[in-house]
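Under this note's numbering, think of the first position of the sequence shown as 83, with each following residue one higher. Built from N, CA and C at the ideal position, the CB exists for glycine as well. All values reported here derive from a predicted model rather than from experimental measurement. See structure below.
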Amino acid sequence: MKRSALARHSALKYAATLVTLFSLLASTHGIYAAPKPNVIVIYADDLGYGDLACFGHPTIKTPALDQMAAEGMKFTQFYSAAPVCTPSRAALITGRYPIRSGMCSDKRRVLFPNSGGGIPASEVTLAEALKTAGYQTACVGKWHLGHLPQFLPTSNGFDSYFGIPYSNDMDRIADRKLGRSIFLKPEVKYWNVPLMRDQEIVEQPADQTTITKRYTEETIKLIQQHKKQPFFIYLAHNMPHVPLFRSKEFQDQSRRGLYGDVIEEIDWSVGQILEELKTQGLDQNTIVWFCSDNGPWLIFNEQGGSAGLLRDGKGSTWEGGMREPTLAWWPGHIPSGSVSQELGSTMDIYTTSIKLAGGNVPTDRVVDGVDLTPVLLEGGNSPREVMAYYRGTKLMALRKGPWKAHFITKPAYGNEPFQEHNPPVLYHLEHDPSEKYDVAKDHPDVIKELKAAAEQFQKTVKPVPSQLEIPLPN
């Protein structure tokens with residue numbers, strides 16, 4: 083992009099953010115007492131609900147994550163806002179369903195290296211909100227919200243960036259010769275993905291065999307550098323998205339094979355980060371979240387993960403596509419060993435983090451994230467009443483309380499058409515988390531209630547042009 087265009091975008095972004103945030107500074111309602119907690123969000127890629135030992139996996143060892151659960155809170159009903167990468171990440175960073183920002187599409191499910199769009203300048207990112215509240219901000223790992231300069235993390239509130247700007251399977255250079263086998267026996271040379279430092283490419287192709295280790299080292303360095311000032315670190319691992327890579331120390335260590343090796347290295351990474359926080363005396367002033375962007379990529383069989391007892395996986399609006407294994411850790415604040423069955427979403431990380439930071443959530447737009455502080459600190463009820471399940475721009479299903487109505491269904495992948503249901507297919511998720519037993523005929527009153535809730539929700543949605551459909555400029 084020409085410098086003048088980037089400058090115009092930056093000016094627009096800056097102005098839009100100031101208008102939104104400075105209008106809120108006078109309000110102090112809901113601000114929590116100092117010191118402001120550091121915030122670390124660790125986001126896995128394509129991790130399944132059943133892939134961690136603390137969520138029931140029989141052979142993958144995750145001692146650090148198990149300890150995180152034992153010392154913090156495990157959420158059993160926590161959701162991403164979309165079943166694929168780009169929309170899910172947009173929702174986490176903005177606290178809004180991706181249909182509100184244009185970060186979804188019915189034609190292209192995610193952004194690609196030939197995409198010309200990305201996160202709009204008008205969105206207020208979590209990094210921007212926390213930066214205004216006095217935080218140092220850093221992004222480490224996968225971004226996937228636009229790879230052109232104006233869309234990269236350092237143009238959207240982050241002080242620094244180190245990572246791969248999109249999925250680790252993009253820019254493939256071996257498909258035609260080797261086809262699907264490039265995923266079964268992956269080599270670094272098969273993908274020409276760039277590793278970036280801020281807005282500069284520092285390695286291409288990125289050596290993915292050491293990528294988890296290097297992301298961990300970068301995160302620890304950031305903790306050490308910013309230990310005297312509140313910080314926000316967004317660590318988004320590229321793994322366990324295929325192609326799967328792990329460092330030498332983790333080769334052939336897991337009974338689950340290559341996929342297990344990859345998860346166990348991510349677990350090691352979490353352990354290193356938590357230990358560093360304790361070493362620096364920051365553990366009681368840092369809230370750490372662990373979650374995933376969507377469910378497991380089941381079409382890759384053993385190279386994909388497990389949704390446990392949940393139905394389907396990545397790409398699907400069945401539970402396995404969007405319910406995530408989620409942990410929150412904040413010693414001295416979150417009761418140890420607590421398990422929450424309350425409804426939550428990655429969008430709630432946005433609102434909760436801003437509230438804990440003493441900031442304010444934008445009021446000039448619909449923000450879908452809610453403040454989970456009562457759940458975290460008191461084991462109270464979640465203010466989240468509804469969860470919408472989108473695939474692209476289609477509202478496929480809606481959950482209210484324990485009930486989930488599917489208005490439209492479609493397998494995650496394949497050419498089968500969308501199937502509309504009238505009446506909707508209905509499941510009681512607390513009785514039937516695997517979505518096996520349609521009870522619509524027995525509960526017409528619930529169907530009526532969920533239809534009304536869906537209609538009410540849709541009234542708040544004003545679709546905007548899709549960023550995913552914008553072509554790369556010539």
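Whole-angstrom distance between residue j and residue i, CA atom to CA atom
i, j, result
"ARG279", "GLN286", "12 Å"
"GLU300", "ILE181", "33 Å"
"VAL457", "PRO555", "46 Å"
"HIS513", "VAL521", "11 Å"
"ILE381", "LYS118", "43 Å"
"THR219", "LEU340", "33 Å"
"THR433", "GLY451", "5 Å"
"VAL123", "TRP371", "5 Å"
"GLY342", "PHE233", "33 Å"
"TYR519", "ILE302", "47 Å"
"GLY223", "HIS525", "45 Å"
"PRO553", "ASN196", "7 Å"
"ILE315", "HIS229", "19 Å"
"GLN549", "HIS226", "12 Å"
"SER242", "PHE332", "29 Å"
"ALA318", "LYS523", "43 Å"
"GLY64", "GLN423", "With the chain represented from 83 up to 556, any question about residue 64 goes unanswered, as that position is not in the structure."
"VAL344", "HIS323", "10 Å"
"PRO446", "MET252", "Residue identity differs from the one stated: residue 446 is Asp in this sequence, not Pro. Approximately 36 Å, taken between the alpha carbons."
Backbone secondary structure at residue i - three-state DSSP
i, result
"LEU147", "helix"
"MET321", "coil"
"ASN367", "helix"
"ASN376", "coil"
"PHE500", "coil"
"GLU537", "helix"
"THR445", "coil"
"TYR114", "Caution is warranted here: a pLDDT of 41 is assigned to TYR114, below 50, making its placement in the model unreliable, and the coordinate value is therefore given only provisionally. Residue state, collapsed to three classes: coil."
"LEU508", "strand"
"THR475", "coil"
"GLU531", "helix"
"VAL121", "strand"
"THR408", "strand"
"TYR495", "coil"
"ILE381", "helix"
"SER109", "Here the model assigns SER109 a pLDDT of 38, short of 50, so the residue's position is not dependable, and the following value carries that caveat. Coil."
"TYR519", "coil"
"PHE332", "helix"
"LYS267", "coil"
"PHE104", "Confidence in PHE104 is poor, its pLDDT being 49 and thus under 50, which makes the residue's placement too unreliable to answer from."
"LYS544", "coil"
"LYS310", "coil"
Endpoints, beta strand (DSSP E) assigned at residue i
i, result
"CYS186", "No beta strand (DSSP E) holds CYS186; DSSP gives it neither H nor E."
"SER422", "420-422"
"PHE489", "485-491"
"GLY223", "218-223"
"VAL284", "282-285"
"THR392", "This sequence places Leu at residue 392; Thr is not what is there. Here LEU392 belongs to no beta strand (DSSP E), and DSSP marks it neither H nor E."
"LEU550", "Taken as a continuous stretch (DSSP letters only), LEU550 belongs to no beta strand (DSSP E), as it is neither H nor E."
"LEU234", "LEU234 -> no beta strand (DSSP E), and no H or E assigned at all."
"ARG279", "277-279"
Range covered by the alpha helix (DSSP H) that runs through residue i
i, result
"TRP350", "340-361"
"VAL457", "455-460"
"GLU299", "293-307"
"ILE431", "428-438"
"GLU401", "401-404"
Reference residue i, options the options, closest by Cα
i, options, result
"LEU459", "ASN442, SER418 and GLY474", "SER418"
"LYS259", "PHE137, TYR272 and ASP365", "TYR272"
"PRO545", "GLY474, ILE302, ASP128 and LEU277", "GLY474"
"ALA479", "ALA173, THR399 and LYS143", "THR399"
"SER420", "GLU347, GLY245, VAL528 and GLY461", "GLY461"
"LEU391", "ASN383, LYS476, GLU401 and GLU384", "GLU401"
"GLU153", "LEU409, MET429, SER464 and VAL448", "LEU409"
"MET150", "SER351, THR294 and VAL324", "SER351"
"LEU129", "SER422, PRO505, GLY386 and LYS533", "GLY386"
"ARG466", "PHE539, LYS476, GLY483 and GLN501", "GLY483"
"PHE137", "HIS226, TYR125 and ARG405", "ARG405"
"THR168", "PRO312, PHE194, ARG328 and PRO493", "PHE194"
"ASP365", "ALA318, PHE313 and ILE490", "PHE313"
"ILE282", "MET252, ASP253, PRO247 and HIS308", "Rather than Ile, the amino acid found at residue 282 in this sequence is Glu. Among MET252, ASP253, PRO247 and HIS308, the Cα nearest to that of GLU282 belongs to PRO247."
"GLN501", "LEU508, TYR495, ALA494 and PHE489", "PHE489"
"TYR179", "ILE142, VAL449 and PRO493", "VAL449"
"GLN540", "GLY496, VAL468 and ASN504", "VAL468"
Check: residue i C-beta below 7 Å from any heavy atom of the ligand NAP
i, result
"ASP394", "Looking for the ligand NAP in the displayed structure turns up nothing, as the structure carries no ligands at all."
At 4 residues or longer, and completely inside the segment 241-265: list those alpha helix (DSSP H) runs for me, N to C. Taking 4 residues as the minimum length, the alpha helix (DSSP H) runs contained wholly in the segment 241-265 are 257-260, in order along the chain.
Inside the segment 130-211 only - alpha helix (DSSP H) runs reaching at least 4 residues: Whole alpha helix (DSSP H) segments, 4+ residues: 145-153, 167-176 and 180-183.
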